[in-house]
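Residue numbers (the UniProt record's numbering): 1 to 245.
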């Protein structure tokens, strides 16, 4: 799905990344490049094609548009074996759930269903105690867990304290918004923020942009692609010291 990786890439640019390179199926590369030429899309047939892209990256987003077939699994395995910090979402979480991998330098961004798969439980168990679930994922897999949903949570494997975002609205339930969040967090990591701080700021920008759009236009019809330009504006307001919340 080239749309998912494009959304993540656009969000990364809007949140300050200097250069965004996409690894996608060869058949999709030209489409992405023509639609958004700032995104440098490479057609990747195999792990051999991916390795130089991994070597050149500061941070790697893994999951949006990956798919669950052999191609996606091979790229997942190569990326998690690399020494690059990772922000993991979508189908990469599916592959991760069947492993015993644990790293300090990755950020996992599951929604409740993905969180349930990571822990081998029902989604209802995740929702019945979201803080415990976020903490359990961070403990089992290491790094930072961003448990998406109403009241997004950020937990770190080495800290019992959990951060809660009380902003955002139901408009964020539309397709692709998670890809936007993943790209934003990766961009902030790439600019030197520690993973937890990058996750906290990315979640805040994501929610703040959704609330601003809802206030101006309403929640109904909010699309993932609406978010990155507003996230950019909110980040610049924050840098200038204009943000008041």
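C-beta atoms are modelled at their ideal positions from N, C-alpha and C, and glycine is treated no differently.
Residue i bridges to which residues according to DSSP?
i	result
residue 40	21
residue 155	145
residue 163	154
residue 107	87 and 144
residue 118	Bridge partners of residue 118: none, in fact.
residue 62	88
Can you give the beta carbon distance from residue i to residue j, rounded, assuming they're within the 8 Å contact cut?
i	j	result
residue 233	residue 222	16 Å between Cβ atoms; not a contact.
residue 28	residue 2	4 Å
residue 90	residue 66	6 Å
residue 168	residue 111	With a Cβ gap of about 13 Å, residue 168 and residue 111 do not count as contacting.
residue 133	residue 147	6 Å
residue 235	residue 16	7 Å
residue 145	residue 108	5 Å
residue 155	residue 138	4 Å
residue 50	residue 4	Between residue 4 and residue 50 the Cβ distance is about 17 Å, and since that is not below 8 Å, they are no contact.
residue 157	residue 178	No, residue 157 and residue 178 are not in contact; Cβ-Cβ is about 21 Å, not under 8 Å.
Roughly how many angstroms separate the alpha carbons of residue i and residue j, rounded to a whole number?
i	j	result
residue 225	residue 176	8 Å
residue 172	residue 207	8 Å
residue 46	residue 87	21 Å
residue 81	residue 213	39 Å
residue 117	residue 170	23 Å
residue 195	residue 31	32 Å
residue 216	residue 152	23 Å
residue 85	residue 21	15 Å
residue 55	residue 218	43 Å
residue 26	residue 237	38 Å
residue 63	residue 220	27 Å
residue 246	residue 242	No information on residue 246 is available, as it lies outside the stretch 1 to 245 that the chain covers here.
residue 98	residue 204	30 Å
residue 120	residue 94	11 Å
residue 24	residue 44	6 Å
residue 260	residue 140	Residue coverage of the chain in this structure runs from 1 to 245, which leaves residue 260 outside it and unanswerable.
residue 246	residue 92	No statement about residue 246 is possible, as the shown extent of the chain runs from 1 to 245 and does not include it.
residue 166	residue 128	18 Å
residue 37	residue 76	25 Å
residue 183	residue 48	24 Å
residue 6	residue 40	10 Å
residue 181	residue 122	24 Å
residue 33	residue 202	25 Å
residue 130	residue 83	30 Å
residue 68	residue 53	21 Å
For residue i, is the beta carbon positioned less than 8 Å from some heavy atom of the ligand GTP?
i	result
residue 175	As for the ligand GTP, it is missing from this structure, which has no ligand bound.
Using a Cβ distance threshold of 8 Å, determine whether the stretch 223–243 contacts the stretch 7–16, with at least three qualifying pairs required.
The count of Cβ pairs closer than 8 Å, one atom from the stretch 223–243 and one from the stretch 7–16, reaches three, so the stretches are in contact.
Would you check if the stretch 180–199 and the stretch 55–62 touch, i.e. whether three or more CB-CB distances between them fall below 8 Å?
yes
Decide if the stretch 160–174 is in contact with the stretch 94–104; the criterion is three or more beta carbon pairs, one per stretch, under 8 Å apart.
no
To test your reading of the DSSP string, which unbroken alpha helix (DSSP H) runs of 4 or more residues are found completely within the stretch 160–216?
177–190
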